[in-house]
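Worksheet: one structure, shown below.
Number of protein chains: 2
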Amino acid sequence: MPKREGTTIAGKRDPKTRVKPTLDEIAERANTSRSTVSRAFSRPDLLNPKTVAQILAIAEEIGYRPNNMARALSTGRTGNIGLLVPDIANPFFPPLIKAIQSQADALGLCLFLGSSGESGARENTLFERLAGQTDGIILASTRLSEAQVKIHAARHPITLINRDMAGLPRVLIDTQAAVMEAVGFLAENGHRHIAYLSGPKESWSNQQRMEAATEACRRTDMRLSIIPLSEPSFEGGEAAAEEAVAAGVTAILAFDDLTAQGAHARLSALGIDVPRDISLIGCDDALPAMTYPALSTLSGLSQEAGRHALKLLCDAIEHRDGSQDMKVVLGARFILRDTAGPAPAGDAKDRDRS
Amino acid sequence: MPKREGTTIAGKRDPKTRVKPTLDEIAERANTSRSTVSRAFSRPDLLNPKTVAQILAIAEEIGYRPNNMARALSTGRTGNIGLLVPDIANPFFPPLIKAIQSQADALGLCLFLGSSGESGARENTLFERLAGQTDGIILASTRLSEAQVKIHAARHPITLINRDMAGLPRVLIDTQAAVMEAVGFLAENGHRHIAYLSGPKESWSNQQRMEAATEACRRTDMRLSIIPLSEPSFEGGEAAAEEAVAAGVTAILAFDDLTAQGAHARLSALGIDVPRDISLIGCDDALPAMTYPALSTLSGLSQEAGRHALKLLCDAIEHRDGSQDMKVVLGARFILRDTAGPAPAGDAKDRDRS
DNA sequence: TTGACTTATGCAATCGGTTGCAAATAACTT
DNA sequence: AAGTTATTTGCAACCGATTGCATAAGTCAA
Numbered sequence: 001m002p003k004r005e006g007t008t009i010a011g012k013r014d015p016k017t018r019v020k021p022t023l024d025e026i027a028e029r030a031n032t033s034r035s036t037v038s039r040a041f042s043r044p045d046l047l048n049p050k051t052v053a054q055i056l057a058i059a060e061e062i063g064y065r066p067n068n069m070a071r072a073l074s075t076g077r078t079g080n081i082g083l084l085v086p087d088i089a090n091p092f093f094p095p096l097i098k099a100i101q102s103q104a105d106a107l108g109l110c111l112f113l114g115s116s117g118e119s120g121a122r123e124n125t126l127f128e129r130l131a132g133q134t135d136g137i138i139l140a141s142t143r144l145s146e147a148q149v150k151i152h153a154a155r156h157p158i159t160l161i162n163r164d165m166a167g168l169p170r171v172l173i174d175t176q177a178a179v180m181e182a183v184g185f186l187a188e189n190g191h192r193h194i195a196y197l198s199g200p201k202e203s204w205s206n207q208q209r210m211e212a213a214t215e216a217c218r219r220t221d222m223r224l225s226i227i228p229l230s231e232p233s234f235e236g237g238e239a240a241a242e243e244a245v246a247a248g249v250t251a252i253l254a255f256d257d258l259t260a261q262g263a264h265a266r267l268s269a270l271g272i273d274v275p276r277d278i279s280l281i282g283c284d285d286a287l288p289a290m291t292y293p294a295l296s297t298l299s300g301l302s303q304e305a306g307r308h309a310l311k312l313l314c315d316a317i318e319h320r321d322g323s324q325d326m327k328v329v330l331g332a333r334f335i336l337r338d339t340a341g342p343a344p345a346g347d348a349k350d351r352d353r354s
Numbered sequence: 001m002p003k004r005e006g007t008t009i010a011g012k013r014d015p016k017t018r019v020k021p022t023l024d025e026i027a028e029r030a031n032t033s034r035s036t037v038s039r040a041f042s043r044p045d046l047l048n049p050k051t052v053a054q055i056l057a058i059a060e061e062i063g064y065r066p067n068n069m070a071r072a073l074s075t076g077r078t079g080n081i082g083l084l085v086p087d088i089a090n091p092f093f094p095p096l097i098k099a100i101q102s103q104a105d106a107l108g109l110c111l112f113l114g115s116s117g118e119s120g121a122r123e124n125t126l127f128e129r130l131a132g133q134t135d136g137i138i139l140a141s142t143r144l145s146e147a148q149v150k151i152h153a154a155r156h157p158i159t160l161i162n163r164d165m166a167g168l169p170r171v172l173i174d175t176q177a178a179v180m181e182a183v184g185f186l187a188e189n190g191h192r193h194i195a196y197l198s199g200p201k202e203s204w205s206n207q208q209r210m211e212a213a214t215e216a217c218r219r220t221d222m223r224l225s226i227i228p229l230s231e232p233s234f235e236g237g238e239a240a241a242e243e244a245v246a247a248g249v250t251a252i253l254a255f256d257d258l259t260a261q262g263a264h265a266r267l268s269a270l271g272i273d274v275p276r277d278i279s280l281i282g283c284d285d286a287l288p289a290m291t292y293p294a295l296s297t298l299s300g301l302s303q304e305a306g307r308h309a310l311k312l313l314c315d316a317i318e319h320r321d322g323s324q325d326m327k328v329v330l331g332a333r334f335i336l337r338d339t340a341g342p343a344p345a346g347d348a349k350d351r352d353r354s
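Residue numbers (UniProt numbering), protein chains in the order written: chain A, 1 to 354; chain B, 1 to 354.
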């Protein structure tokens with residue numbers, strides 16, 4: 001038997017020393033039954049208005065708070081949702097988390113947050129732990145394989161952000177068109193050889209961007225060097241920038257803004273001016289105006305993505321038939337700011353063409 | 001009675017269609033009782049090793065996961081902790097959250113995250129909601145009054161970050177010495193009039209910084225203009241910068257890095273060069289190297305703070321006597337980078353003195 | 001063989017709610 | 001006044017675990 005605070009008198013807890021008021025305590029004081037008190041909260045329409053008023057008054061007086069876990073146990077609904085991201089510290093996620101949290105808050109839901117540290121194994125563990133105490137989970141930029149996602153989805157409502165799997169509710173930020181725009185811009189400005197700093201293999205977004213960059217370079221007849229990032233971080237960007245320089249590119253398209261900033265730092269350290277010597281374009285617009293010179297990037301939409309994701313998740317929880325294939329696609333755009341411009345004169349054989 | 005999935009046969013659920021395996025199902029298959037199965041997990045030392053092995057095998061086979069909420073209900077321990085911050089999107093917090101989440105993860109705890117949007121009322125609501133399903137809550141940079149914090153602390157284990165209240169476990173990042181250093185640096189570099197962009201009134205950190213700035217200016221005989229931020233955000237910093245310029249200062253000390261960046265943006269937009277015309281110093285080192293020119297700031301330590309806070313919270317949960325007054329103080333330092341330097345010649349009457 | 005201890009297991013109450021069903025009371029009909 | 005229908009309430013089972021206490025089985029010495 002659990003040890004609880006509160007002295008015991010004749011098998012009953014002494015109300016004076018009781019820590020957390022329960023339904024029973026209210027029932028006792030109101031001289032009625034547990035069921036009635038319970039209904040005073042959940043289905044007041046079934047009760048005599050006077051009774052309800054009295055019960056609510058007592059509840060207020062003794063500071064009663066319903067026990068969420070007990071309720072969850074009997075209803076099967078927890079009122080909690082989970083959100084798993086690869087790395088909270090990556091500036092792409094905080095706005096997303098914020099949007100989800102604030103909307104969850106408005107719906108009376110509590111939010112579990114998990115950061116997997118870019119590790120699929122950890123993500124699995126977190127999922128298991130959260131599955132038992134949430135009504136559904138949002139996987140943002142999951143690093144899990146399709147097979148693993150499917151296994152989880154079979155046992156628990158899921159919504160995906162930036163992962164395209166038919167049959168599961170998902171929100172996608174489509175950056176392909178924006179990448180094409182960006183590459184087009186570079187081509188028109190005399191660049192002939194650019195680098196793409198490639199993010200995690202498991203990342204759907206990265207695959208999309210890489211594909212689009214490849215295709216765009218093919219069309220514009222530019223050379224593309226794909227440089228894999230050791231990790232999608234500031235440091236990863238620094239290291240990759242060096243390789244890009246060695247490859248002799250005049251422009252860099254980075255997996256995301258954080259790596260772009262890392263690249264920027266390293267380029268500056270090497271005495272390479274951005275955008276005079278090398279143009280730099282990030283992705284996600286995660287650092288909107290926080291940087292100087294302002295980073296050219298692809299628009300982020302992470303907040304919109306978050307909002308849609310929570311909505312889809314709630315739908316999925318509601319009617320679990322899952323009959324419809326829910327998919328929301330948000331289109332990103334190329335945002336030209338201060339870090340991208342014409343290729344340096346020496347390289348720009350076709351410069352006048354633009 | 002709750003509706004659950006799974007058909008019902010003679011009052012018992014058909015195992016074939018049962019969704020989530022329970023203790024009872026294992027007990028049935030292992031031909032033993034609930035208690036034994038339960039103990040196979042919690043106190044295997046009390047059982048016959050053979051029995052334990054058999055039970056674990058069956059559990060594994062049918063994919064059993066203990067129901068956290070049921071367990072919590074009977075043990076009184078949820079295995080969850082809560083973290084409340086004023087604004088996830090403020091770059092000071094993600095590293096803090098990350099540190100706490102990753103340590104919680106290692107301890108097998110799940111983390112609830114709440115962002116109060118700088119509102120005390122919302123923070124109270126979130127607290128109430130979380131209190132019922134956590135073993136303890138960390139309040140980071142709370143915007144609540146001391147009285148409110150006390151009320152909560154009386155009913156639920158709490159640890160504070162950046163709020164000094166005797167009797168409650170707390171982690172403080174002391175920036176006073178660092179502020180003095182920074183102001184001293186400015187004084188030595190010929191500045192005679194500086195501005196402090198003041199953050200939320202409820203913020204302990206802001207009070208500390210403002211006090212220290214005031215005191216340091218008094219000692220160095222500098223003039224100090226205190227400019228309240230409409231909100232501790234990028235936009236707030238932009239607006240405040242304008243006022244600082246109007247006041248005629250040659251240096252700005254901002255409440256945090258985000259507002260400093262906002263100020264920087266506005267100054268640049270006004271054609272004012274940093275640090276030539278105006279020196280700018282942030283606080284928290286939340287954007288370590290993400291910015292150009294690199295922001296001078298006061299070191300952050302948010303990760304260390306997070307780690308300590310979780311440790312204190314666990315201690316508080318453990319022995320709830322709360323006999324000792326736990327307090328951890330981390331000392332910040334002034335970090336000189338590219339945005340601060342000598343006062344412009346015209347203003348620097350004492351310049352040669354340094 | 002029997003009493004004294006261990007060791008392994010099961011019984012049943014409990015945590016704090018929810019809810020189907022039935023009983024009690026109130027309100028109308030005719 | 002008797003019969004019907006609506007309103008309000010209470011009983012008791014249930015959600016899925018934990019755990020104090022008691023019983024059953026096993027060990028061992030005398």
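Cβ coordinates follow ideal geometry from the N, Cα and C atoms, glycine included.
Being a predicted model, the structure only gives us computed values, none of them experimental.
Item                                                                                                                                 : Value
Boundaries of the alpha helix (DSSP H) in which residue 328 (chain A) is found, first to last residue                                : It is not in any alpha helix (DSSP H) - residue 328 (chain A) instead sits in the beta strand (DSSP E) that spans 327-331.
Among A:239, A:310, A:306 and A:336, the one whose alpha carbon lies nearest that of residue 283 (chain A)                           : A:336
For residue 334 (chain A) and residue 357 (chain B), the rounded distance between their alpha carbons                                : Only positions 1 to 354 of chain B appear in this structure, which leaves residue 357 (chain B) out of reach.
Cross-chain neighbours of residue 150 (chain A) in chain B, by beta carbon under 9 angstroms                                         : None at all; the shortest Cβ gap to chain B is about 15 angstroms.
Meets three-Cβ-pair contact criterion under 8 angstroms: the segment 67-83 of chain B and the segment 58-71 of chain A               : yes
Opening and closing residue of the beta strand (DSSP E) in which residue 138 (chain B) lies                                          : 136-140
Members of the segment 223-252 of chain B that neighbour chain A once the beta carbon cut-off is set at 8 angstroms                  : 234
Beta-carbon gap between residue 267 (chain B) and residue 294 (chain B) smaller than 8 angstroms                                     : no
Top-ranked residue by Cα proximity to residue 344 (chain A), from A:158, A:189, A:46 and A:113                                       : A:189
Boundaries of the alpha helix (DSSP H) in which residue 274 (chain B) is found, first to last residue                                : Element bounds for residue 274 (chain B): n/a, residue is neither H nor E.
Three-way DSSP call (helix, strand, coil) for residue 88 (chain A) in this model                                                     : coil
Pick from A:179, A:107 and A:97 that is closest to residue 141 (chain A), judged by C-alpha positions                                : A:97
Stretch-stretch touch, CB-based, cutoff 8 angstroms, three pairs: the segment 110-121 of chain B with the segment 149-168 of chain B : no
Cβ neighbour criterion (16 or more within 10 Å) applied to residue 48 (chain B)                                                      : exposed
Burial state of residue 355 (chain A) (16 or more Cβ within 10 Å)                                                                    : In the structure as shown, chain A starts at 1 and stops at 354, and residue 355 (chain A) therefore has no counterpart that could be examined.
Status (buried if at least 16 other CB within 10 Å, exposed otherwise) for residue 324 (chain A)                                     : exposed
Where the UniProt domain "HTH lacI-type" (21-75) of chain A meets chain B: residues whose CB sits under 8 angstroms from a CB there  : 65, 66, 67, 68, 69, 70, 72, 73, 74 and 75
Unbroken alpha helix (DSSP H) run spanning residue 115 (chain A), endpoints                                                          : That residue, residue 115 (chain A), is in no alpha helix (DSSP H); its beta strand (DSSP E) goes 110-115.
Chain B residues whose Cβ lies nearer than 9 angstroms to that of residue 95 (chain A)                                               : 88 and 89
Those residues which DSSP pairs with residue 296 (chain B) across a bridge                                                           : B:281
Assigned exposure category for residue 75 (chain A) - 16 Cβ within 10 Å defines buried                                               : exposed
Residues that residue 126 (chain B) contacts on chain A, provided the C-beta gap is smaller than 9 angstroms                         : 105 and 110
Cβ neighbour criterion (16 or more within 10 Å) applied to residue 181 (chain A)                                                     : buried
Cβ shell of residue 108 (chain B) (< 8 angstroms), same chain only, five flanking positions each side left out                       : 79
Cβ-based neighbour list, residue 177 (chain A), same chain, cut-off 7 angstroms, excluding 5 preceding and 5 following               : 331
Start-end ranges of the beta strand (DSSP E) lying completely within the segment 212-273 of chain B, minimum 3 residues              : 223-228 and 251-254
Neighbouring residues, chain A, relative to residue 130 (chain B) (Cβ below 8 angstroms)                                             : 110
Alpha-carbon to alpha-carbon, residue 143 (chain A) and residue 203 (chain A)                                                        : 6 angstroms
Sequence-distant residues of its chain with Cβ nearer than 7 angstroms to residue 34 (chain A) (five each side left out)             : 23, 24 and 27
Contact the segment 246-265 of chain B vs the segment 304-314 of chain B: 3+ CB pairs below 8 angstroms                              : no
Neighbouring residues, chain A, relative to residue 114 (chain B) (Cβ below 8 angstroms)                                             : 101, 105, 110 and 111
Exposure of residue 9 (chain A), with buried meaning 16 or more beta-carbon neighbours within 10 Å                                   : The predicted model places residue 9 (chain A) with a pLDDT of 30, which falls under 50 and marks its position as unreliable; any figure quoted below should be read in that light. Counting Cβ neighbours within 10 Å, residue 9 (chain A) comes out exposed, since fewer than 16 surround it.
Residue 329 (chain A) versus residue 208 (chain A): straight-line alpha-carbon distance, rounded                                     : 13 angstroms
Neighbouring residues, chain A, relative to residue 159 (chain B) (Cβ below 8 angstroms)                                             : Neighbours of residue 159 (chain B) on chain A: none; closest Cβ ~18 angstroms, over 8 angstroms.
Same chain, Cβ closer than 6 angstroms to residue 340 (chain B), five either side skipped, listed in chain order                     : 275, 279, 281 and 296
Residue 287 (chain A) at chain B interface by Cβ criterion, 8 angstroms                                                              : yes
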